[in-house]
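Here numbering that gives the first Met the number 0 is used: position 94 in the sequence shown is 93, and no number is missing along the way.
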Amino acid sequence: MRTKAYIVSVALACGLVSITIPVTSRSAETIQRTVQGTVVATDVTVDPPTIVVQVLLPHNEALVVGARVPTDARIMRGKQAARLADVKVGEKADITYLKTADGLIAQSVHVR
Numbered sequence: 000m001r002t003k004a005y006i007v008s009v010a011l012a013c014g015l016v017s018i019t020i021p022v023t024s025r026s027a028e029t030i031q032r033t034v035q036g037t038v039v040a041t042d043v044t045v046d047p048p049t050i051v052v053q054v055l056l057p058h059n060e061a062l063v064v065g066a067r068v069p070t071d072a073r074i075m076r077g078k079q080a081a082r083l084a085d086v087k088v089g090e091k092a093d094i095t096y097l098k099t100a101d102g103l104i105a106q107s108v109h110v111r
């Protein structure tokens with residue numbers, strides 16, 4: 000009888016452990032994307048600085064993408080290095096960013 004009680008308690012404990020283990024979801028993954036659009040805003044006064052671009056989708060639909068720009072992000076104007084403060088509203092830019100659980104984080108900004 001004691002052996003049966005032990006087996007039942009171990010089985011229950013294993014069942015409870017399997018129930019309480021968090022399940023990771025697909026949304027926790029980091030995804031890299033690149034968009035091409037028109038710069039509609041930059042803000043270098045906040046920490047971290049941000050950039051916002053408007054992307055034109057098929058059927059003239061607009062997608063607005065805003066990303067944080069960390070200090071290690073690569074910012075280029077043509078083939079020359081630039082600063083986010085040099086990027087002006089209305090310029091065309093390609094932004095490669097990571098989509099994370101914490102938001103969008105720019106890896107590179109290339110102003111054309």
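Glycine included, every Cβ here is placed at the ideal spot set by N, Cα and C.
Model, not experiment: these values are computed from the prediction.
Could you pull out every residue in the same chain whose Cβ sits closer than 6 angstroms to the Cβ of residue i, ignoring the five residues on either side in sequence?
| i | result |
| --- | --- |
| Q53 | G36, T37, V39, A61, V63 |
| T29 | L97, T99 |
| A113 | Nothing about residue 113 can be read from this structure; the chain reaches only from 0 to 111. |
| E90 | V38, V110 |
| A105 | A66, V68, A72, I94, Y96 |
Let me confirm a value: residue i is counted as buried when at least 16 other C-beta atoms fall within 10 Å, else exposed. Which label applies?
| i | result |
| --- | --- |
| A100 | exposed |
| T41 | buried |
| T44 | exposed |
| V88 | exposed |
| A80 | exposed |
| L55 | exposed |
Kindly identify the DSSP beta-bridge partner or partners of residue i.
| i | result |
| --- | --- |
| V52 | V38, V64 |
| D93 | Q35, H109 |
| K78 | Paired residues: none, contrary to the question. |
| L103 | K98 |
Which same chain residues end up closer than 7 angstroms to residue i when comparing Cβ atoms and leaving out the 5 residues on each side of it in sequence?
| i | result |
| --- | --- |
| R32 | Y96, K98 |
Below 8 angstroms CB to CB, which residues in the same chain sit around residue i once its five sequence neighbours on both sides are set aside?
| i | result |
| --- | --- |
| T70 | P47 |
| G77 | V110, R111 |
| G102 | A66, R67 |
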